[in-house]
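Participant: The structure is given below, and queries will be raised subsequently.
Numbering (my numbering), first residue to last: 8 to 371.
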């Protein structure tokens with residue numbers, strides 16, 4: 008294909024896709040009835056993220072997050088109205104790098120109200136991928152329901168050629184509206200794959216296959232034609248933790264371990280009022296002598312210390328190179344630093360701060 012023709016073709020293709028998207032965004036969210044059978048009721052809660060992003064002139068692959076509403080995202084997908092009776096609401100319009108306690112509390116309040124009032128059979132949350140695993144894990148620990156709660160996002164913005172958001176959102180809706188999704192806890196759906204909140208991690212900066220569950224594997228697969236869970240639903244054993252009446256949650260800092268590390272970062276976290284510290288340690292959650300000594304001093308002052316690891320997979324074990332029993336530390340076991348931080352915030356908010364009780368909670 009001649010370069011000039013190829014260039015013109017690319018421009019026409021982009022404009023055609025943009026026009027199709029615009030037409031879709033102008034359409035209202037609708038619902039249909041499957042022959043005689045009422046469709047499931049699914050509430051879509053938008054928070055922003057890449058899935059709601061639009062292209063920016065900064066660079067060829069640049070975009071701004073959270074520019075498209077959840078209602079318009081849904082309206083742009085052909086056939087999605089045949090899956091469920093849908094309603095869409097906007098909780099926030101941010102990139103997930105800016106996710107915060109206020110949005111988390113708002114999500115919990117709206118989800119609880121929808122479930123208590125028997126408004127919905129499932130909930131879909133559109134979310135940026137950067138902190139999706141943290142939001143999913145937070146919700147897993149505070150929501151006590153069999154109703155499917157499904158988080159979905161994308162690695163490419165809504166205006167990109169080859170945008171993955173529409174397919175991901177369609178599949179998330181399919182999961183949230185399916186009776187077989189009940190009782191499985193909070194789920195994350197991207198790239199035809201279903202993950203459980205406890206295990207899922209973002210593992211690649213840009214790949215559409217970024218979400219994986221290194222310690223457990225996915226819990227199922229979904230596409231436009233089928234939904235397949237790998238095991239029957241089983242009760243989720245995590246104890247539900249109470250939220251304070253209002254945000255914020257207690258401050259918990261993550262300290263990243265590295266070569267030639269001293270005590271300064273730990274000491275600074277204590278000075279700034281951290282109620283807990285999660286060590287993103289080297290190897291099996293270890294760190295330099297100076298950092299470990301500073302963490303031990305912090306623990307004696309009442310700061311809750313949990314050792315995790317900066318390594319992408321594996322369990323952190325107690326009392327191997329670090330004398331956890333003596334120093335008053337807990338270990339994160341299978342939880343990465345960011346999820347360990349979420350759980351520790353909730354534990355401290357619930358008055359659980361004694362090392363052995365914290366360790367029991369991580370084991371559950």
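Quick reminder that beta carbons are idealized off the backbone N, C-alpha and C, glycines included.
Quantities reported herein were computed from a predicted structural model and do not represent experimental measurements.
Contact between the region 312 to 324 and the region 202 to 222 is defined here as three or more beta-carbon pairs at a separation below 8 Å; is this criterion met?
Facilitator: Cβ pair count under 8 Å is three or more, so yes.
Participant: Leaving out five residues before and five after residue 109 in sequence, what residues of the same chain have Cβ atoms less than 7 Å from its Cβ?
Facilitator: Excluding sequence neighbours, residue 109 sits near 254.
Participant: Report the three-state DSSP secondary structure of residue 351 (helix, strand or coil).
Facilitator: Reduced to three states, the DSSP call for residue 351 is helix.
Participant: With a Cβ-Cβ cutoff of 8 Å, do residue 95 and residue 51 count as a contact?
Facilitator: Yes.
Participant: Assuming residue 137 and residue 209 are in contact, meaning their beta carbons sit under 8 Å apart, how far apart are those beta carbons, in whole angstroms?
Facilitator: So it is a contact: roughly 7 Å between Cβ atoms.
Participant: Between 330, 134 and 58, which has its C-alpha nearest residue 294's C-alpha?
Facilitator: Residue 294 has its Cα closest to that of 330, out of 330, 134 and 58.
Participant: State the Cα-Cα distance for the pair residue 180 and residue 112, rounded to the nearest angstrom.
Facilitator: Their backbone Cα atoms lie some 23 Å apart in a straight line.
Participant: For the alpha helix (DSSP H) that contains residue 298, what are its first and last residues?
Facilitator: Per DSSP, residue 298 belongs to the alpha helix (DSSP H) from 296 to 307.
Participant: On the DSSP bridge list, what partners appear for residue 342?
Facilitator: Its beta-bridge partners do not exist; DSSP assigns none.
Participant: Can you tell me where the beta strand (DSSP E) with residue 194 in it begins and where it stops?
Facilitator: From DSSP, the beta strand (DSSP E) with residue 194 extends over 193 to 197.
Participant: Can you give me the C-alpha to C-alpha distance between residue 128 and residue 334, rounded to a whole angstrom?
Facilitator: Between residue 128 and residue 334, the C-alpha separation is close to 47 Å.
Participant: From residue 79 to residue 316, what does the alpha carbon distance come to, in whole angstroms?
Facilitator: Roughly 40 Å separates the two Cα atoms.
Participant: According to DSSP, simplified to helix, strand and coil, what is residue 212?
Facilitator: Three-state DSSP puts residue 212 in coil, outside helix and strand.
Participant: So is residue 168 buried or exposed if we call it buried at 16+ other beta carbons inside 10 Å?
Facilitator: Exposed.
Participant: State the Cα-Cα distance for the pair residue 357 and residue 186, rounded to the nearest angstrom.
Facilitator: Near 33 Å, if we compare the C-alpha coordinates of residue 186 and residue 357.
Participant: Comparing C-alpha positions only, which one of 214, 133, 89 and 286 sits nearest to residue 44?
Facilitator: With distances taken between Cα atoms, residue 44 lies closest to 89.
Participant: Counting only the same chain and skipping the five closest in sequence on each side, list residues whose C-beta sits under 6 Å from that of residue 313.
Facilitator: Correct list, in chain order: 285, 337, 339, 347 and 351.
Participant: Using the Cβ count rule (16 or more neighbours within 10 Å means buried), how would you classify residue 269?
Facilitator: Exposed, since its Cβ has fewer than 16 Cβ neighbours within 10 Å.
Participant: With DSSP collapsed to three states, give me the class of residue 147.
Facilitator: Correct three-state label for residue 147: helix.
Participant: Would you be able to state if there are at least three C-beta pairs under 8 Å between the region 70 to 86 and the region 196 to 215?
Facilitator: The region 196 to 215 is not in contact with the region 70 to 86.
Participant: Kindly provide the ranges of any beta strand (DSSP E) runs that are 3 or more residues long and lie completely inside the region 39 to 85, ordered along the chain.
Facilitator: For the region 39 to 85, whole beta strand (DSSP E) runs of length 3 or above, ordered along the chain, are 47 to 55.
Participant: Around the C-beta of residue 66, are 16 or more other C-beta atoms found within 10 angstroms, so that it is buried, or is it exposed?
Facilitator: Residue 66 comes out exposed.
Participant: Suppose the cutoff is 8 Å on Cβ atoms and the five residues either side in sequence are ignored; what does the same chain contact list for residue 170 look like?
Facilitator: Same-chain partners within the cutoff: 161, 163 and 164.
Participant: Drop a sphere of 10 angstroms on the beta-carbon of residue 176, count the other beta-carbons inside from all chains shown, and report buried for 16 or more, exposed for fewer.
Facilitator: So residue 176 counts as buried.
Participant: For residue 262 versus residue 272, is the C-beta spacing smaller than 8 Å?
Facilitator: Against a cut-off of 8 Å, the Cβ pair of residue 272 and residue 262 comes out as a contact.
Participant: Report the three-state DSSP secondary structure of residue 123 (helix, strand or coil).
Facilitator: Correct three-state label for residue 123: helix.
Participant: When we look at the beta-carbon of residue 142 and count the other beta-carbons within 10 Å, is it buried (16 or more) or exposed?
Facilitator: Residue 142 should be labelled buried.
Participant: How long is the line joining the alpha carbons of residue 102 and residue 277, rounded to whole angstroms?
Facilitator: C-alpha separation (whole angstroms): 29 Å.
Participant: Taking Cβ to Cβ, would you say residue 130 is nearer than 8 Å to residue 157?
Facilitator: For residue 130 and residue 157, yes; Cβs fall inside 8 Å.
Participant: Please check the pair residue 155 and residue 83, which I expect to be a contact at CB under 8 Å, by giving their CB distance rounded to whole angstroms.
Facilitator: Between residue 83 and residue 155 the Cβ distance is about 23 Å, and since that is not below 8 Å, they are no contact.
Participant: Just to confirm, is the Cβ distance from residue 195 to residue 188 under 8 Å?
Facilitator: Going by C-beta atoms, residue 195 is not nearer than 8 Å to residue 188.
Participant: Compute the Euclidean distance between the alpha carbons of residue 99 and residue 368, then round it to the nearest angstrom.
Facilitator: If I take the Cα positions, the gap works out to 31 Å.
Participant: Which residue or residues does DSSP assign as beta-bridge partners of residue 157?
Facilitator: Paired residue(s): 131 and 194.
Participant: Express the C-alpha separation of residue 60 and residue 71 in angstroms, rounding to a whole number.
Facilitator: Answer to the nearest angstrom: the Cα atoms are 5 Å apart.
Participant: According to DSSP, is residue 97 part of a helix, a strand, or is it coil?
Facilitator: If DSSP states are grouped into helix, strand and coil, residue 97 belongs with the strands.
Participant: In its own chain, which residues sit with a C-beta less than 6 Å from the C-beta of residue 360, not counting the 5 before and 5 after it?
Facilitator: So the qualifying residues of the chain are 311.
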